[in-house]
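Under mature numbering (1 follows the signal peptide of the UniProt record, and there is no 0), the letters of the sequence shown match residues -27 to -1, 1 to 350, in that order. Backbone N, C-alpha and C fix where the C-beta goes; we use that ideal spot for every residue, glycine too. Owing to the predicted nature of the structure, the values given are computational and were not obtained by experimental measurement.
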Amino acid sequence: MAMAMAMAFSPWFTPWVFLFLIVGCTARPFYPLPSKEAEGTRKPLQTSHPYNIAHRGSNGELPEETAPAYMRAIEEGADFIETDILSSKDGVLICFHDVTLDATTDIYQHEEFANRKRTYEVQGVNTTGFFTVDFTLKELESLRVRQRYPFRDQQYNGQFTIITFEEYISIALDAPRVVGIYPEIKNPVLINQHVKWPGGKRFEDKFVETLQKYGYKGSYLSKEWLAQPAFIQSFAPTSLIYASNLTDLPKILLIDDITIPTQDTNQSYWEITSDGYFDYIKKYVVGIGPWKDTVVHPYTYRNENQFLHFNFHQDPYEEYDFWINKIGVDGLFTDFTGSLNNYQEWTSSLSSNDSDNRRASKLLHKIAAMITAYEKV
């Protein structure tokens, strides 16, 4: 998705960031997820509390949108794993956030690609860099991904590759319980300008065809949807309208900074966040607010101090509590899947027995220890 994970907001909603301080984390080994066949009937998707949506996987711990980041998120209790879909030069859909490779890969270490830097217009702004649309899948797979933020764990830099949309889907389908997917149609105008598919097909066509290939179908909370949950998200409203003619999967209109244009029009988000526009777009998407019973999935919740809103006293759990219990959101995009999962377990109405109370107590002590360690730095 976009660096965003926003899902449906009121006209005045601005993206909030959730945060929790992670200090001195010890690296954990990766293990393959158990096969769904080996597990028999998988545990269904929970629908009793807001969805824990792993923003680009568990990217607070691992480089974003990599297979290990998604596997870690599932291990930590994610209900959905979220991704951004772009395309390679040869038309293979990939999981990658930025339209350029500069920020999160080792592209500058590959002298063989030094002449690939280009300048293209992206949402009305001339942008220079190494664009995914100028590299074949084979070339993209020769790169290695690195952590976006310098204040996060750098030890996994250079270890993981860019993955395809189909590989991402396979990770969800092979999970030991039902885990939903949350792919974004990313920068469709740029993709359709530079990548051509046989038969005049568009990026959106290939996107939906991939979902259908793996059995994703059904309206929100239908039997088919609950078996293989998926939301389609985008900052491009016309792409969502186009996709609505191809699939009945639920769609979410993402809302970015109100001063910038949408990814596929010259209109700003301020212009489209009106009652009149919402009356129009709600025929195509389920994720627009602020009407009653619409799906609301704000983004992006992060644990570091520089991302936490000052009203929450540097406590990510306090921020979770505000958005879930005061605002009543239906899901949260978070970089720290484990933190949100801990909060959900801690506050669950089902966690009233002694065992759960002891787990909550241990969690509180762990939080206190982490805060103490931070204050000593």
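With 16 or more other Cβ atoms inside 10 Å of its own Cβ, G311 counts as buried. Runs of the beta strand (DSSP E) lying entirely within the segment 74 to 160 and spanning at least 3 residues, in chain order: 91 to 95, 98 to 102, 153 to 158. Between R45 and E37, the C-beta gap is not smaller than 8 Å, which leaves the two residues out of contact. Following the DSSP letters along the chain, one finds L18 in no alpha helix (DSSP H), marked with neither H nor E.
Inter-residue distance for P223 and V181 is about 12 Å (C-alpha atoms, whole angstroms). According to DSSP, Y24 shares a beta bridge with G304.
Ranked by Cα distance from D221, the first of S247, V72, L194 is L194. Separation of A87 and R121 (C-alpha to C-alpha, rounded to the nearest whole angstrom) is 21 Å. In the structure shown, the three-state DSSP call for L226 is strand. Taking the C-beta atoms as reference points, L18 is found nearer than 8 Å to D52.
S207 has its alpha-carbon roughly 26 Å from the corresponding atom of E49. Secondary structure at S212: helix, using DSSP grouped into helix, strand and coil. Under the three-state reduction of DSSP, T320 is assigned to helix. Residues I228, D229, I231 of the same chain have their beta carbon placed closer than 6 Å to that of Y242, with the five preceding and five following residues left out of the count. CA-CA distance, Y257 to S217, rounds to 6 Å.
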